[in-house]
Amino acid sequence: MRKLYTFLFLLLIFSTIACKRENNPKVTMTNYKKLPLRGEQGFNAVIEVPAGTNRKLEIQPDGQFVAEQVQGKARVVDFLPYPGNYGFIPSTLMDEERGGDGDALDVIIIGETVPVGSVQEFIPIAVLKMIDEGENDTKIIGIPADPALRVIRATNFEQFMLEYDAAKRIIETWFVHYQGYGTVQVLGWEDEKSALAEIEKWTL
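According to this note's numbering, the stretch in the sequence shown is residues 386 to 589, in order.
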């Protein structure tokens with residue numbers, strides 16, 4: 386009888402733990418926005434569009450990632466898929482009153498694909514500045530903070546420019562064409578110091 390009571394007690398404990406886990410609130414947009422700017426190894430990024438995919442996803446207030454809508458249809462990039470893991474840097478906001486687009490600062494991380502919703506730490510190595518339909522559009526270019534996840538050896542803009550110029554041109558060409566040629570105008574590239582300055586500029 387004592388063994389039966391012990392079993393029932395343990396069953397009750399495990400059931401309670403399971404219920405608590407099931408009742409945990411899912412991560413929401415507010416939670417993502419409130420993530421710290423930095424992790425243990427680098428800056429944080431919330432990945433909305435994995436590398437190698439072409440569906441433009443956006444996070445919603447309920448925490449779900451859904452396709453961006455254009456004229457009532459899910460937006461699919463009519464070009465090559467994303468050349469890196471694309472998302473935003475939490476705890477940043479490009480304030481419209483200061484010339485921003487009203488969203489968090491964008492980042493594309495050069496590396497193997499990671500799932501939608503991943504929080505990936507990265508090191509900024511460059512910034513690509515553009516004009517998108519008349520508005521300033523800034524993209525931070527990064528590499529994974531974890532060396533084991535990197536696909537290129539460059540850790541700064543000079544190395545990236547000298548050793549991976551082809552990759553640099555691929556990224557620029559992709560952004561020029563992914564919305565249709567003529568939509569985006571490239572202003573130029575800047576180094577990792579400028580990338581850090583951009584992140585600091587828009588940090589909440």
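Just so it is clear, CB atoms sit at the ideal spot from N, CA and C, and this is done for glycine as well.
Inset, instruction - Let me know the secondary structure DSSP gives residue 539 once reduced to three states. - result: In this structure, DSSP gives residue 539 a state outside helix and strand, which the three-state scheme calls coil.
Inset, instruction - Identify the continuous beta strand (DSSP E) that holds residue 430 and give its terminal residues. - result: Looking at the DSSP string, the run of the beta strand (DSSP E) that includes residue 430 is 428-434.
Inset, instruction - Take residue 530 and list the residues in its own chain whose beta-carbon comes closer than 6 Å to its own, dropping the five residues that flank it on each side. - result: For residue 530, the CB contacts under 6 Å within the same chain, skipping 5 residues up- and downstream, are 426, 427, 506, 507, 508 in chain order.
Legend entry - Enclosing alpha helix (DSSP H) for residue 491 [first to last residue]: It is not in any alpha helix (DSSP H) - residue 491 instead sits in the beta strand (DSSP E) that spans 491-494.
Inset, instruction - Can you check DSSP and say which residues form a bridge with residue 471? - result: Its beta-bridge partners are 434, 493.
Legend entry - Buried versus exposed, by CB contacts within 10 Å (16 or more), residue 478: Buried.
Legend entry - residue 436 versus 559, 574, 581, residue with shortest Cα-Cα distance: Here the closest residue by C-alpha is 559.
Inset, instruction - Less than 8 Å between the CB atoms is what I'm expecting for residue 336 and residue 512, so what's the real figure, rounded? - result: Nothing in the structure corresponds to residue 336, since the chain is present only between 386 and 589.
Legend entry - Other residues of its chain near residue 454: CB distance less than 8 Å, five sequence neighbours each side excluded: When the five nearest sequence neighbours on each side are left out, the beta carbons in the same chain lying within less than 8 Å of the beta carbon of residue 454 are those of 460, in order along the chain.
Inset, instruction - Hey, could you find the ends of the alpha helix (DSSP H) residue 558 is sitting in? - result: For residue 558, the enclosing alpha helix (DSSP H) stretches over residues 550-562.
Legend entry - As assigned by DSSP and simplified to three states, the class of residue 524: DSSP places residue 524 within a strand segment (E or B) once states are collapsed to three.
Inset, instruction - Determine the DSSP secondary structure at residue 585, reduced to helix, strand or coil. - result: Residue 585 carries a helical assignment under DSSP once its states are collapsed to helix, strand and coil.
Legend entry - C-alpha distance - residue 494 paired with residue 474, whole-angstrom precision: Pairing residue 494 with residue 474, the inter-Cα distance amounts to about 11 Å.
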